[in-house]
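> Sending over a structure as structure tokens; questions will come in a sec.
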Amino acid sequence: MFPVLKAASYVLMHTPDMVLNNGTTQTTERIVNPESEYLKKVNENLRPFEEIVSYPPNQCYIGNITPEELATYEMPWYDKAIEGATAHGKKGEIFEEDVFLAFIKASDSFDLVLLEKDFTESVRPKLEAYPGLNAKASTLPAGIELEKITTEIQNRGAEPLLYKGEVVGCVKRAHDIDVNLNAHVIFENLVVKASGMIAMERLFVLNNIDPASIDYVIECSEEACGDMNQRGGGNFAKALAEMTNCVNATGSDTRGFCAAPTHALIEAAALVKSGVYKNVVVAAGGATAKLGMNGKDHVKKGMPILEDCVAGFALLVSENDGEHPILRTDLVGGHTVGTGSSPQNVMSSLITKALDKGGLKITDIDKYSVEMQNPDITKPAGAGDVPQANYKMIAALGVMRKDLERTQLNSFVEKHGMVGWAPTQGHIPSGVPYCGFAIDDIMSGKIHRAMIVGKGSLFLGRMTNLFDGVSIVVENNPGIQVEEGSVSKEEIRKMVAEAMSNFAASLNQ
């Protein structure tokens, strides 16, 4: 039996102070052009929390509106607001920056994070409002004097933590000379850990899942933790499991740039299908480096800086329950070493390779979830509408295969595609943002089948020029089928019990 995609969660952490101080576009600008006009305009182009919450793509990300409902809003979206929007979503939540800073401290296992005492006490009650996270509030230690924090920043290379432009804490370096354990890297990794932990906690609370039922965790963000002897050794997954009370779980990290979440989803499905584990969580925290990545283009066009949130997500893959959508481990596509880099070859390897295994046409997939990047962010930066570009290529491939007529190109994109809504956090947009909606859409009968497609740029690591990508089909659950003449698990248990009883009786004779 195929494994099922059982639940999904999505979280956003509003981090305006981190945009200026930790996003690489801004930190690089500070080095090469410290008097930059752009740097002077960053703060005045950052959105308040209320605008973050009411921003239509963000409401879609946490599940309060569907992609179809988002498409009814005329673009651009940055000047639109959803009336009555709430930070609490059907699939997740949007968190304020002070709460996130507190969770960074709660994620600190080596006393490397220092928070100012008044800030600590001001944020503690906010943490207590979250059912699955309030235990972290009680373990949050008392803060320290600001003077001690300032000394760490000025004299020992600590990374400042700011809230509303003021220093409220810092992250200390973990080693005097190891660059892999300097304060900046430790900060980035703690952000990944904290945001991934929050995504997993929301997964459990919103879907009434017992963390103790989780056997394995796969973490698939774009960061890597380690020291000078193993720079990407990991393991974020085990750290997230520890933070979320998954006492029976182990885990490992999967890295594949933007495509990693779909790789991890396939791996999770394979582990469950094989019977090695029953319940596997795929999770990822966000990347501070990507904050304000396209900020220069946004400011130049009179827009707010839209990349102002760290994102995270978590998925649960479980044994077949006869209800939730199944992950077709036999219908998997992938960009191989010999695929090449032409758009046609890439799309064929990701889309038609999987479909051909099942004798399916391109039109047999009701919804394709590709790189679901928010076009509000990418179009002003010159990258165009990424999801639409992908859908047009899939449609063109369909015409070449004679799965649809040329006159059906536009209608195919509208019917089988979606507008993008995910923040440009690298791995976050890659296929998985639709997983939560896919569960609902398939179980409600709205659609029958979807394809999750992840794509990545391996050349960024300077180890290969190869492109990357994988895909997997998700479809409605036909119910647990018992083959004619087969024996049920209960019957097997009875047979074993009877055999053991007979064996014990024979020993007594």
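Those letters in the sequence shown? Residues 16 to 524, per the numbering used here, in order. Here a beta-carbon is modelled for each residue, glycine too, at the ideal position from N, C-alpha and C.
Taking the alpha carbon of N204 as the reference point, which residue from S236, I224 and S228 has its own alpha carbon closest?
The residue with the shortest Cα to Cα distance from N204 is S236.
> Select from A275, D230 and Q245 the residue whose C-alpha is nearest the C-alpha of K253.
D230
> Using the beta-carbon count (16 or more within 10 Å), is A144 buried or exposed?
exposed
> Give the straight-line distance between the Cα atoms of D483 and E131, rounded to the nearest whole angstrom.
44 angstroms
> Write down the C-beta distance between G469 and T277 rounded to the nearest angstrom, noting that I regard them as a contact closer than 8 angstroms.
3 angstroms
> Would you mind giving the Cβ-Cβ distance between L177 and D323, rounded to the nearest angstrom? I have them listed as a contact below 8 angstroms.
At roughly 14 angstroms, the Cβ-Cβ gap does not stay under 8 angstroms, so L177 and D323 are not in contact.
> Across the region 433-449 and the region 381-391, are there enough close Cβ pairs to call them in contact, namely three or more that are closer than 8 angstroms?
yes
> If I measure Cβ to Cβ from P18 and keep anything under 6 angstroms in the same chain, skipping five residues before and after, which residues do I get?
A284, V287, K288, V332 and L342.
> Compare the C-alpha of S51 against each of R464, K315 and H431 and name the closest.
K315
> Quick check: L85 and C450, are their CB atoms within less than 8 angstroms of each other?
No. Outside cutoff.
> Identify, in the order they occur along the chain, each residue of the same chain with its Cβ nearer than 7 angstroms to the Cβ of I409, setting aside the five sequence neighbours on each side.
M362, I366, I377 and Y383
> Using a 10 Å radius around the Cβ and a threshold of 16 neighbouring Cβ atoms, would you call T439 buried or exposed?
buried
> Note the first and the last residue of the continuous beta strand (DSSP E) segment covering G310.
Element bounds for G310: not the beta strand (DSSP E) but the alpha helix (DSSP H), G310 to K315.
> Is D133 helix, strand or coil when you go by DSSP?
helix
> In angstroms, rounded to a whole number, what distance separates the CA positions of L218 and V297?
Taking C-alpha positions only, L218 is separated from V297 by approximately 11 angstroms.
> Ignore the nearest five residues each way along the sequence and tell me which others in L161's own chain have a CB closer than 6 angstroms to its CB.
E131
> With a threshold of 7 angstroms on Cβ separation, who are the neighbours of I495 within its own chain once the five nearest residues in sequence on each side are excluded?
M16, N335 and G337
> Would you tell me roughly how many angstroms separate the C-alpha atoms of N58 and T81, rounded to the nearest one?
N58 and T81: Cα-Cα distance of roughly 31 angstroms.
> Taking the C-alpha atoms as reference points, what is the distance between V488 and F452?
Answer to the nearest angstrom: the Cα atoms are 14 angstroms apart.
> For the putative contact between D418 and P91, defined by C-beta atoms under 8 angstroms, what is the C-beta separation to the nearest angstrom?
Actually they are not in contact, since the Cβ atoms of D418 and P91 sit about 34 angstroms apart, beyond 8 angstroms.
> Helix, strand or coil for D230, going by three-state DSSP, please let me know.
coil
> According to DSSP, simplified to helix, strand and coil, what is C450?
helix
> Considering D391, what are the terminal residues of the alpha helix (DSSP H) in which it resides?
P390 to T393
> Just curious, the alpha helix (DSSP H) that G211 is in, first and last residue?
A198 to L221
> For G413, tell me which candidate among I380, P395 and K394 has the shortest Cα-Cα distance.
Cα-wise, what sits closest to G413 is I380.
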